[in-house]
Structure formats: C-alpha cells, structure tokens
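Engineer: The end of the sequence shown is residue 377 by the working numbering, with every number in the run present.
Where a beta carbon is used, it is the ideal one built from N, C-alpha and C, also for glycine.
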Amino acid sequence: MWIVSDYAGVISDRPPQAATDSLARAVEVDPAQFWPVYWQERDPYDRGAVDAAGYWDRVCRRLDREATEDRVRRLAALDLRLATYLDRGTLTALRNAHDRRVPLALLSNAPREWARLIDRQPWAAMFTHRFFSTDLELAKPDPAIFREVCRRLGAEPEEITFVDDRRENVEAARTIGIDAVLFTGAARLSAHLARLSRGGVPGRQDGSQARAK
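(1) Between the alpha carbons of tyrosine 128 and aspartate 329, how many angstroms are there, rounded?
(2) Please list the terminal residues of the continuous alpha helix (DSSP H) segment that includes tryptophan 199.
(3) If you reduce the DSSP assignment to three classes, tell me which class arginine 347 lands in.
(4) Can the beta-carbon of isoleucine 167 be found less than 9 angstroms from the beta-carbon of alanine 269?
(5) Taking Cβ positions, are leucine 267 and tyrosine 209 nearer each other than 9 angstroms?
(6) Are the CB atoms of glycine 349 and glycine 253 within a distance shorter than 9 angstroms?
(7) Leaving aside the five residues before and after arginine 226 along the sequence, list all residues of the same chain whose C-beta is less than 6 angstroms from its C-beta, in chain order.
(8) Out of Gln181, Pro195, Ala261 and Glu205, which one is the CA nearest neighbour of arginine 362?
(9) Does DSSP classify leucine 250 as helix, strand or coil?
(10) Closest to arginine 235 by CA distance: which of Glu192, Gly173 and Arg206 is it?
(11) Within the continuous alpha helix (DSSP H) that includes aspartate 185, where are the two ends?
(12) For phenylalanine 291, name the three-state secondary structure that DSSP assigns.
(13) By alpha-carbon positions, which one of Arg237, Arg352 and Asp194 ends up nearest to aspartate 215?
(14) Applying the criterion that 16 or more other CB atoms from any shown protein chain within 10 Å of the CB defines a buried residue, is glycine 173 buried or exposed?
(15) Any chance the region 177-197 sits against the region 330-339, with 3 or more Cβ pairs inside 8 angstroms?
(16) Just mark isoleucine 175 as buried or exposed, buried being the case when its beta carbon has 16 or more other beta carbons within 10 Å.
(17) Here's a check: name, in chain order, each residue in its chain whose Cβ is nearer than 8 angstroms to the Cβ of glutamate 335, leaving out the five neighbours to either side.
(18) What's the C-alpha gap between tryptophan 199 and aspartate 283?
(19) Check this for me: beta carbons of serine 354 and alanine 241, under 9 angstroms apart or not?
(20) Note the first and the last residue of the continuous alpha helix (DSSP H) segment covering serine 297.
(21) On a Cα-Cα basis, can you pick out the residue from Ser297, Thr298, Thr292 and Leu302 that is closest to glycine 318?
Shown next, in the form of structure tokens:
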C-alpha cells in the first residue's frame with residue numbers, strides 16, 4: 165500500500181498574511197485584485213509550459229503592470245518563500261508512517277522552482293518517489309496525472325491512498341479507483357495512517373472542511 169501525499173496545504177502550511185500580501189505589494193495592486201490573476205495564470209506554470217519569467221510576465225500584463233527584470237525576480241523569490249512554511253504535525257505523521265516501513269510518494273502541482281526547492285529539503289528523502297506537475301507536464305485534477313503516478317509506481321489504483329486538501333483533486337483520484345482522503349488536519353491524518361499501517365481497510369473519509377491551498 166502506497167501513501168501518496170500532496171504538498172501545498174498538506175505538508176506545507178498556510179503562509180502568514182504578511183507573506184502573501186507581499187506579492188500583491190510587489191505588483192502595487194490590492195490583494196483582492198492580485199490573487200485571482202495569480203491562480204488563473206498558474207496552470208501553464210505548474211505544467212512546465214512557461215518558465216517563471218513567462219508566468220510573471222503574464223500576471224503583470226493582466227494587472228496592467230510592467231514586468232521589469234527586477235520585479236519578476238522579486239516576485240519569483242516571494243512566491244518561492246510561500247513553499248517554505250511547513251506543517252510539522254503532518255511531517256511527523258508521515259515520518260511515523262515511513263518508520264513503520266509504509267512506502268511514501270509525493271504528488272504536487274508545483275512549478276520547477278518549487279519542485280527543486282522541495283527536492284533539496286532533508287525531509288524529502290523519506291519519499292521514495294516525488295512527482296511534480298512541472299516534470300510530468302500534467303496537473304491535478306486531471307485524472308491522467310493519477311494514472312501516470314500509478315504507472316510509475318508499478319501499483320494498481322486500489323494499492324494507493326492519496327491525501328490532498330482540495331476536494332476536486334480527491335474526487336479526480338477516486339474516478340480511477342484510488343482511495344483518496346481529504347486532508348483536514350495532521351491529527352486526523354496521523355490516525356488514518358496508523359490504521360493503514362495496522363492493516364486497516366482504506367476508506368474514503370472526508371473531513372467537514374477543506375483547507376485552502
């Protein structure tokens with residue numbers, strides 16, 4: 165049985181407000197104006213279809229701001245910082261599963277800069293495989309990304325438990341037969357992983373509220 169975990173919103177924690185607001189300030193717009201554009205332009209960046217310069221150029225143009233070299237460099241650095249806030253409870257739960265010899269893999273919608281940052285973290289070594297949208301050229305919630313993960317793991321869908329904080333990703337994984345769990349906190353995840361390591365039957369346990377990515 166493989167445990168496949170999302171990164172943002174599961175392993176990484178919600179950044180402080182000051183960190184998220186700093187991106188909008190770098191473009192000199194209100195956060196309410198900035199974040200819809202950030203997400204609307206994100207998919208090609210996550211899939212590796214554009215690089216950081218191309219992504220931030222699109223965002224700036226949509227916001228009627230000049231994508232200067234200095235601004236793009238600052239935005240890329242601030243965005244990367246958002247990936248550095250960790251949920252220590254989740255890491256502990258996954259490390260405990262790893263210590264019980266449960267095989268772990270990571271599946272994240274992440275552009276190249278995020279992916280390589282994650283790869284360099286000491287805790288990343290507990291994941292036998294780390295799958296990133298930028299490398300696969302596929303992104304959640306496309307069911308194709310889950311089929312590709314199954315192929316690369318050499319596992320049937322029913323041999324995988326997938327953990328994600330976004331309901332649409334959980335539902336997409338379920339369409340191909342993966343046992344998918346909606347992440348609502350480290351304590352519930354820890355209990356679920358403990359049941360799996362004791363040979364419990366996987367179940368589709370939804371929390372009452374998804375965490376924002």
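Structural biologist: Based on what the coordinates show:
(1) As displayed, the chain neither begins before 165 nor continues past 377, which places residue 128 out of reach and without an answer.
(2) As a first step, residue 199 must be located in the sequence shown, where it is residue number 35. 195-204 is the span of the alpha helix (DSSP H), which, as asked, contains tryptophan 199.
(3) Working through the sequence shown from its first residue, we reach residue 347 at position 183. Looking at the sequence shown, residue 347 is not arginine but phenylalanine. Residue state, collapsed to three classes: coil.
(4) Residue mapping note: residue 167 aligns to position 3 of the sequence shown, counting from 1. Residue mapping note: residue 269 aligns to position 105 of the sequence shown, counting from 1. Result yes, Cβ atoms of isoleucine 167 and alanine 269 sit closer than 9 angstroms.
(5) Translated into the one-based positions of the sequence shown, residue 267 becomes position 103. Translated into the one-based positions of the sequence shown, residue 209 becomes position 45. Note on identity: in this sequence residue 267 is proline, with leucine being the wrong assignment. No, they are not a contact pair.
(6) On the sequence shown, position 89 is the one that residue 253 refers to. On the sequence shown, position 185 is the one that residue 349 refers to. It is a contact, given that the beta carbons lie within the stated cut-off.
(7) Working through the sequence shown from its first residue, we reach residue 226 at position 62. Same-chain partners within the cutoff: Val201.
(8) Numbered from its first residue, the sequence shown carries residue 362 at position 198. Answer by Cα proximity: Ala261.
(9) Position 86 of the sequence shown, counted from the first residue, corresponds to residue 250. For leucine 250, the three-state secondary structure derived from DSSP is strand.
(10) For the purposes of this step, residue 235 is identified with residue 71 of the sequence shown, where counting begins at 1. When only C-alpha atoms are compared, the closest one is Glu192.
(11) Translated into the one-based positions of the sequence shown, residue 185 becomes position 21. Annotation: the continuous alpha helix (DSSP H) that includes aspartate 185 extends over 181-191.
(12) Walking along the sequence shown from the start, residue 291 turns up at place 127. Reduced to three states, the DSSP call for phenylalanine 291 is coil.
(13) Residue numbering aside, residue 215 sits at position 51 when the sequence shown is read from its first letter. For the residues Arg237, Arg352 and Asp194, the minimum Cα distance to aspartate 215 belongs to Arg237.
(14) Mapped onto the sequence shown, residue 173 falls at position 9. It counts as buried.
(15) Contact between the region 177-197 and the region 330-339 is absent, with fewer than three C-beta pairs closer than 8 angstroms.
(16) To locate residue 175, count along the sequence shown from 1; it is residue 11. Result: buried.
(17) Numbered from its first residue, the sequence shown carries residue 335 at position 171. Within the same chain, glutamate 335 has close Cβ partners Pro305 and Ala344.
(18) The count along the sequence shown starts at 1 and reaches residue 199 at position 35. The count along the sequence shown starts at 1 and reaches residue 283 at position 119. Spanning the two alpha carbons is a distance of roughly 26 angstroms.
(19) One-based indexing of the sequence shown puts residue 354 at position 190. One-based indexing of the sequence shown puts residue 241 at position 77. No. Outside cutoff.
(20) As a first step, residue 297 is located in the sequence shown; it is residue number 133 there, counting from the start. Here the alpha helix (DSSP H) through serine 297 covers 297-300.
(21) Along the sequence shown, one-based indexing puts residue 318 at 154. When each option's Cα is compared against that of glycine 318, the closest is Thr292.
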